[in-house]
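First comes the structure, then the notes that go with it.
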Amino acid sequence: MEPKDLLTRSGYGEFKAPKSAYDIWMEEQNIPIYRHIGIDKVQNLPLKPWNMMGTNATFVQLFGTEGMWGCHVMEVPGAGATHPVKHIYEQQYFVVEGRGSTEVWEEGHEDKAHVFEWQKGSLWSIPMNAKYRIVNASSSPALLLGGNTAPNVMNIYDNSEFIFNCPYNFRDRFDPDREDYYKPSDEILADPIRGLAMTQTNIVPDIVDCELPLDNRRSPGYRRIEPHMTDNNFYLWIGQHEPGRYSKGHAHGSAAVLICIKGKGYTYTWPAKYGETPWKDGNEDKVLRQDYEPVGMVSAAPMSGDWYHQHFGMSDGPFRLTAWFGPHHPGRTVKRPGEEANDYGAIDVRDGGTAIGYDIEDPYLRTEFEGGLDKYDIKTRMEPELYERQAN
530 MEPKDLLTRS
540 GYGEFKAPKS
550 AYDIWMEEQN
560 IPIYRHIGID
570 KVQNLPLKPW
580 NMMGTNATFV
590 QLFGTEGMWG
600 CHVMEVPGAG
610 ATHPVKHIYE
620 QQYFVVEGRG
630 STEVWEEGHE
640 DKAHVFEWQK
650 GSLWSIPMNA
660 KYRIVNASSS
670 PALLLGGNTA
680 PNVMNIYDNS
690 EFIFNCPYNF
700 RDRFDPDRED
710 YYKPSDEILA
720 DPIRGLAMTQ
730 TNIVPDIVDC
740 ELPLDNRRSP
750 GYRRIEPHMT
760 DNNFYLWIGQ
770 HEPGRYSKGH
780 AHGSAAVLIC
790 IKGKGYTYTW
800 PAKYGETPWK
810 DGNEDKVLRQ
820 DYEPVGMVSA
830 APMSGDWYHQ
840 HFGMSDGPFR
850 LTAWFGPHHP
860 GRTVKRPGEE
870 ANDYGAIDVR
880 DGGTAIGYDI
890 EDPYLRTEFE
900 GGLDKYDIKT
910 RMEPELYERQ
920 AN
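Numbering (the numbering used here), first residue to last: 530 to 921.
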């Protein structure tokens, strides 16, 4: 309403965030919606029948991912299959439990369906607006974790008929005549933006135990790769820390969700405005913690603004995570074309990045990590020299 004088501002000033088109669509599906900083393992989530897919399912909307990307856990019944569907948002799946196959085809070309098999640990992607059906090959239920760009699309178009029944075939994404479309590729390439290891493949048969190239950006011996799948903009990576070592803290905004796929551990996350040493500075009450095991999840930055977060493995074997960002590539932050940028999450705060060197991190973190390892009779491999400035 228009103010009555020149000193009064219009509007309420404070208000409740409205439901988005995606929020409303989720509610219309009549399945649970899980909202939290994370979860210890998705296998513990309650599931209810999802009529659209013909499965049991629940939506997962971790704090900080609202409007950025969508997620769900879906159980395909034993010896059953999903309903055939298509949509103009990007979709990928990680197999939590089970084995089976997926059929993918272009509507009108059912005779050229592509069929590939998957198992526990597989990661695969569906081309945009291709029709697909997921088939469970075993008598036990198969559990899948899905990530997609449904919120991005729904919040723009807000028209389910268009989203799920668009007649356009995206031949730049999916050519039904390409026979090797779902042939796995392990060729390692350099990401053209940041020079990091990547691979172009539409399926990874096993992201839990596949080989990863050396990276060293998060911890000594850290390994990492980025699968680029079905020409999607959905960004993700797979990373692994060595036993007895932990990640440096680093900060960025919301979108990233870490998913534990091997080992077990925990993540701390806190607003960057409280600095690099929240316990030392009396701000430990601002720090959030999520413990997890396969397949647990945690939002790296669960509220607005930049958040520091740090990941700790508590296993005698490798600690492996996959991080999903939706269509939010850290190397594609909005800048003028050609403007200088840096790999801020891997660069020390003293050198213009957001990574916390081991030598300046909160002492509580090291003490707690070593104490946790002692409980499991695991030896630390965080050598004293790692806490010297030149090691960072």
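All C-beta atoms, glycine included, are put in the ideal place defined by N, C-alpha and C.
Exposed unless 16 or more other CB atoms sit within 10 angstroms - verdict on residue i
i    : result
I790 : buried
T537 : exposed
Q620 : buried
A608 : exposed
A870 : exposed
G567 : buried
G794 : buried
N698 : buried
Y622 : buried
P575 : exposed
V605 : buried
G900 : exposed
D923 : Because the chain in this structure spans residues 530 to 921, residue 923 falls outside the shown range and cannot be described.
W546 : The residue you asked about is not Trp; residue 546 is Ala in the sequence shown. Result: exposed.
I788 : buried
F854 : buried
L725 : buried
I722 : exposed
R918 : exposed
E865 : For the sequence presented, residue 865 should be read as Arg rather than Glu. Classification for R865: exposed.
P913 : exposed
Y541 : exposed
N573 : exposed
H638 : exposed
V951 : An answer regarding residue 951 cannot be provided, because it is not within the stretch 530 to 921 covered by the chain.
G846 : exposed
M727 : buried
A586 : buried
D891 : buried
E543 : exposed
F603 : The sequence given here places Met at residue 603; Phe does not occur at that position. The residue is buried, with at least 16 neighbouring Cβ atoms inside 10 Å.
G867 : exposed
V644 : exposed
P656 : buried
Whole-angstrom C-beta distance between residue j and residue i, which should lie under 8 Å
i    : j    : result
E632 : K649 : E632 to K649, Cβ: 20 Å. No contact.
Y797 : R818 : 6 Å
E636 : K660 : 5 Å
S654 : N731 : 6 Å
M826 : F592 : In fact, because the Cβ distance is near 11 Å, the residues do not count as touching under 8 Å.
Y803 : D569 : Not really, about 25 Å apart at Cβ, beyond 8 Å.
F481 : Q769 : Shown here, the chain extends from 530 to 921; a query on residue 481 therefore has no answer.
W647 : R662 : With 8 Å as the limit, W647 and R662 do not qualify as a contact, their Cβ atoms being about 13 Å apart.
P772 : R895 : Their Cβ separation, rounded to whole angstroms, is 16 Å, which puts P772 and R895 out of contact at 8 Å.
N834 : A801 : Rather than Asn, the amino acid found at residue 834 in this sequence is Gly. That pair is a contact at about 7 Å.
G874 : G881 : No, G874 and G881 are not in contact; Cβ-Cβ is about 12 Å, not under 8 Å.
G675 : H565 : The Cβ separation is near 18 Å, so there is no contact.
L652 : P756 : 7 Å
Y916 : Y887 : 5 Å
Bridge partner(s) assigned by DSSP for residue i
i    : result
C789 : L850
F841 : Y775 and Y795
T631 : F645 and I663
N585 : P578 and E604
E755 : M727
Y563 : V589
I568 : M826
R818 : Y797
W766 : A852
D906 : DSSP, once it has assigned bridges, lists no residue as partnering D906.
V625 : Partner(s): none; V625 has no beta bridge.
L743 : R752
H781 : W836
D877 : A884
Inter-stretch contact at 8 Å, needing at least 3 Cβ pairs: the region 538-554 / the region 572-586: no
Pick out the complete beta strand (DSSP E) segments inside the region 636-717, 3 residues or longer, and give them in chain order. Qualifying beta strand (DSSP E) stretches, in chain order: 643-647, 652-655, 660-665 and 671-677.
Using 8 Å as the cut-off, can you tell me whether the region 806-814 makes contact with the region 747-763, which would need three or more C-beta pairs spanning the two stretches below that distance? Taking one beta carbon from each stretch, the region 806-814 and the region 747-763 have fewer than 3 pairs nearer than 8 Å; the two do not touch.
Contact between the region 854-861 and the region 758-766 (3+ Cβ pairs under 8 Å): yes
May I ask you to verify whether the region 688-704 touches the region 609-618, counting CB pairs closer than 8 Å and requiring at least 3? yes
So does the region 704-713 actually touch the region 664-673, counting three or more Cβ pairs closer than 8 Å? no
With three or more C-beta pairs closer than 8 Å as the rule, is the region 593-601 touching the region 674-681? With a cut-off of 8 Å, the region 593-601 and the region 674-681 count as touching, because enough Cβ pairs lie within range.
Do the region 732-744 and the region 776-784 touch if we need at least three Cβ pairs shorter than 8 Å? no
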